[in-house]
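Take 12 as the starting number for the sequence shown in my numbering and just add one per residue. Structure first, then comments.
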Amino acid sequence: MASKSSIEKDRSIIRELVQDPRQTNVALAAKVGLSEGSVRRRVERLVTEGQLQFAAIPSAAFMGRPVHTLFEIQSAPGATERLIDKLAGMPEIAYVYHVTGQFDIIAVGYFASSNAMRRFWTERLGHLDGVMESRSVMVLRVAKRAHEWARDIAVTGDEESAWDADSDPGVPGSET
């Protein structure tokens, strides 16, 4: 595991990138007090390790899919992983979560209309082998998205509440 000071340097880079992901390595290096080469190598490592991702996040509505829906899915015994893989391959589905509780899977989809969502739910999802029960929940308003959460954490520096000095920064709450 990396030292605490090394992790802090990485976190300072990430905090700056969350604020302005398009800034140059030279500008970033000046802000965090490291050389451009060190910043470039650290960013490359963070991306390779899966600790940092860069993405363009379009508006679903602008892309012609304004209807945002969550599907709660209870799978038959032994069918969960197969269903997760099947859902992850569907273009309408943006996120697939394996969860605890009454339902085994939560899938998040974006659709052109409520009729398109209904057809997906009744004609595609409802006919997948291994689906025992499903419910749909249409989103009325999104108050906060993941990239906004990351920006909040970057501004407040509150990532410390998720990890203590003896835990793995990649897995909150994991002990080393």
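Every residue, glycine too, gets a C-beta built ideally from N, C-alpha and C.
DSSP lists V78 as the beta-bridge partner residues of F122.
Separation of the CB atoms of T91 and I116 is rounded to 7 Å, and the pair is thereby assigned contact status at 8 Å. In the structure shown, M143 falls within a strand segment according to DSSP collapsed to helix, strand and coil. About 5 Å separates the beta carbons of V29 and R162, which is inside the 8 Å limit, making them a contact pair.
Here DSSP, grouped into helix, strand and coil, assigns A105 to strand. For the set I68, Y108 and L81, the Cα lying nearest the Cα of L151 is the one of L81. Beta-carbon to beta-carbon, Y121 and E134 are separated by about 17 Å, too far to satisfy the 8 Å threshold. Membership of W132 in any alpha helix (DSSP H) is not indicated, and neither H nor E is assigned to it by DSSP. In this model, R146 and P32 are separated by some 37 Å (Cα to Cα).
Taking all protein chains shown into account, R53 has 16 or more neighbouring C-beta atoms within 10 Å of its C-beta and is therefore buried.
Counting along the chain, K20 sits inside the alpha helix (DSSP H) bounded by residues K15 to Q30. The Cβ atoms of I24 and V50 sit closer than 8 Å to each other. For R56, the enclosing alpha helix (DSSP H) starts and ends at E47 to T59.
L45 has its alpha-carbon roughly 40 Å from the corresponding atom of V119.
Straight-line spacing of the CA atoms in G75 and M101 works out to 16 Å.
Following the DSSP letters along the chain, one finds L94 inside the alpha helix (DSSP H) bounded by residues T91 to A99. Apart from sequence neighbours up to five positions away, the residues of its chain that approach V110 with a beta-carbon distance below 6 Å are I117, ordered along the chain. H138: not part of any alpha helix (DSSP H); DSSP gives it neither H nor E.
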